[in-house]
Each structure stands twice: as C-alpha cells, then as structure tokens.
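**Student:** Just passing along the structure, written as structure tokens.
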C-alpha cells in the first residue's frame, strides 16, 4: 500500500510540474519609432529626467514605472481594450502605476512624423506572436486635454500580424495619413498566444510646427523636445532596477514583493456611447496563426515545455525503476 501511495504522489508531482512548465512567458516591449512616452522618459533617465513633461511624469508615478518601461499592459485584455481602459487613461492602460503617462500637456517629447510610408519599430524584450494596431488622433486633437478614445481615428491606419524582428525590434511598414502639427499615435499589441496586451502613446509632430496640433493649442506653446529611444546600453544598465518578470504568465495583478508585471483588468463594462469597438481581435489562448516569427520562432511555451517534459520523463522513470526493484525484491 505504501509503495502505491509513493508512486501516486510521484506521478502527481510530475503532472503538477508539467502543468507549471506549460505556462508561457510574459511578453514585454514598447514603441521606439515613434518613441513612446514611457520609453522617452526612461531614455532621459528616471532619476533625473531632462524635459518638463518627464519630470512631471516621474513626480506623478515615481521612478519605478520608468525602470519598468516595457510593461504597460493588461494581462487579460483579450481584445477588449475600449471596454477595459477608461477615457483619460489610455497611455497608462488604466494602470495606476503609470498614471504619469496620462498627464495632459502639449510639451511631451515628440518624434518628427510625415505622411506616407513609415518604418515603425517596437522594442520586444520578450517577443511573442501577436497583432499590432496603430491609431492616430483626429484633426483638432488638443494635447492639453485628457486623451479619450473618441480622440482617435475610428480605425487603425496600420495593422500587422507577427512582424519580423531585427536586432530586438519588431519592424513593420505603415502608411501614415496626412496630418499637421502635434498629434499622438496609439499602439495596441495584442498577443495571440495569451490574452495579454500592451499599449503605448507616442507623441509626434507633423511638419515644422511643434507648438500645437491643428489650431486647438495656442501657437505660443513652447516647442517640445525631440524624443529619443533608450539605447541598448541604457536598457542593460537599468535592467537590475527593473521589477519586470518575463516568465510565469498567468499571475494576477501585483507580482509579490517586486511590484507589478502583469496588470489584471477589472470586469468589463459596456463601451461608452458613440465609441466603436475597432479593437485588435484576440485569438483564443494557445491558438497559432500559422506564421512563424522571424528570428524568434515558436512561442513562449517551447522552453518551458521542454523542461517540463524532461521532468515528467525523469519522474516517470523513477516510478518504474522503483516499482521494478520492489517486484524483484518480492520475487
């Protein structure tokens, strides 16, 4: 009887290990061309930002939000972006940790932008399969007011599924519509191997006028500084101060002692009147689009499954070996 209990416990442990091993890793990243607000402020330095906007953002959010620049996410978004993120909180994705990104002001560091074809870059620090959708603000956008869903054009001007990677960046082409002055490009990265999604706000300026959009912001507004993306050296230098974890997807909310990595969304509410649910569709978790990511291949479960499979085989072999020894001893 004791031997049966031992075997059962061993098999149970093996199954538990295999279940844990199958958990995919968290994806992480942020837009770097055009530079997102969080990436621009991280590049300036969380401890001593240079621009007035980043100083205000750090004062509102603290430095940790910017060391964790690649984790503005909702763990269980599943394509319900407009339902889960309130107006005025698009840049933080409704995550209080990043509330400084939602500050309504016309002097955020901005990237120059022109209508027509543009090569977009999104730093993927934990790459996964998924779809990107990019929206731009409507004519008349006023950056001195909180950003609402209704401020964005109804449909994304660029969408792409499983773009290739170059030197750690997702790289894809998009055709930017004709705009003038200051605008904002909003990106949604919806994973297809998980309900998790990531969000960015990138301030951009069309033409020479960096003072204020399409006439809604006074022309006397001081020109904003040009945004810069963090260098690889800056990313490496700040890695030991980051609380972002790249494994164990499935945790809810705060991640133990080290702060947030995956933000779990509240229960969905009905979309605001007049909004369009033009969100990125989210395939069921574990589904595969059939396109293999360039330079990454497979998905996050591969290494974990390999380890889990090895653990199961080893424990199974131990059970069989132990059973065989007991039978020989009885004989």
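Numbering (this note's numbering), first residue to last: 572 to 902.
Every residue, glycine too, gets a C-beta built ideally from N, C-alpha and C.
Bear in mind that the values here come from a model prediction, so they are computed numbers and not experimental data.
(1) For residue 754, I'd like the list of residues in its chain whose CB is within less than 7 Å of its CB, leaving aside the five on either flank, ordered along the chain.
(2) Alpha carbon to alpha carbon, how far is residue 684 from residue 536? Give it in angstroms, no decimals.
(3) Give the range of the alpha helix (DSSP H) segment to which residue 608 is assigned.
(4) Using C-beta distances below 6 Å, list every residue in its chain close to residue 750, excluding the 5 sequence neighbours before and after it, in chain order.
(5) Going residue by residue through the region 696 to 753, where are the continuous beta strand (DSSP E) segments of at least 3 residues, counting only ones entirely within it?
(6) Cβ atoms of residue 763 and residue 695: under 9 Å apart, would you say?
(7) Which one or two residues does DSSP pair with residue 644 in a beta bridge?
(8) From residue 628 to residue 744, what distance separates their C-alpha atoms?
(9) Would you call the region 715 to 726 in contact with the region 620 to 635, where contact means no fewer than 3 C-beta pairs closer than 8 Å?
(10) Looking only at its own chain, which residues have a Cβ that is under 7 Å from the Cβ of residue 768, when we skip the five neighbours before and after it?
(11) Do residue 802 and residue 614 have their C-beta atoms closer together than 9 Å?
(12) What do you get for residue 812, buried or exposed, if any count of 16 or more other CB atoms within 10 angstroms of its CB means buried?
(13) Excluding five sequence neighbours on each side, which residues of the same chain lie with their C-beta closer than 8 Å to the C-beta of residue 599?
(14) Just the C-alpha distance for residue 710 and residue 728, rounded to the nearest angstrom, thanks.
(15) With DSSP as the reference, label residue 813 as helix, strand or coil.
(16) Less than 6 Å between C-beta atoms, sequence neighbours within five positions excluded: which residues of the same chain meet that for residue 742?
(17) Give me the Cα-Cα distance between residue 690 and residue 681, rounded to the nearest whole angstrom.
**Tutor:** The structure says:
(1) The residue labelled residue 754 in the question sits at position 183 within the chain shown. Excluding positions up to five away in sequence, the list reads 707, 708, 712, 775, 777 and 784.
(2) For residue 536 there is no data in the structure shown, the boundaries of the chain being 572 and 902.
(3) Here residue 608 corresponds to residue number 37 of the chain shown, with the count starting at 1. Here the alpha helix (DSSP H) through residue 608 covers 608 to 615.
(4) Here residue 750 refers to the residue found at position 179 when the chain shown is read from its first residue. Closer than 6 Å at the Cβ level, and outside the excluded window around residue 750, lie 777.
(5) 701 to 707, 729 to 732 and 740 to 747
(6) To locate residue 695, count along the chain shown from 1; it is residue 124. To locate residue 763, count along the chain shown from 1; it is residue 192. No; because the gap between Cβ atoms is not below 9 Å, this pair is not in contact.
(7) The count along the chain shown starts at 1 and reaches residue 644 at position 73. For residue 644, which the question treats as bridged, DSSP gives the partners 769.
(8) Position 57 of the chain shown, counting from 1, holds the residue named residue 628. Position 173 of the chain shown, counting from 1, holds the residue named residue 744. Going by the C-alpha atoms only, they are around 30 Å apart.
(9) no
(10) Here residue 768 refers to the residue found at position 197 when the chain shown is read from its first residue. Same-chain partners within the cutoff: 644, 645, 648, 652, 759, 760, 761 and 762.
(11) What you label residue 802 is simply residue 231 of the chain shown in a count that begins at 1. What you label residue 614 is simply residue 43 of the chain shown in a count that begins at 1. Yes, they are a contact pair.
(12) Sequence index remark: in the chain shown, residue 812 carries index 241 (1-based). Label assigned to residue 812: exposed.
(13) Translated into the one-based positions of the chain shown, residue 599 becomes position 28. The answer, listed in chain order, is 641, 642, 644, 695, 696, 697, 769, 815 and 817.
(14) Counting from one through the chain shown, the residue named residue 710 turns up at place 139. Counting from one through the chain shown, the residue named residue 728 turns up at place 157. C-alpha separation (whole angstroms): 14 Å.
(15) Here residue 813 refers to the residue found at position 242 when the chain shown is read from its first residue. Correct three-state label for residue 813: coil.
(16) In the chain shown, the residue the question calls residue 742 occupies position 171. Closer than 6 Å at the Cβ level, and outside the excluded window around residue 742, lie 692.
(17) Residue numbering aside, residue 690 sits at position 119 when the chain shown is read from its first letter. Residue numbering aside, residue 681 sits at position 110 when the chain shown is read from its first letter. Looking at the two C-alpha atoms, the distance is approximately 16 Å.
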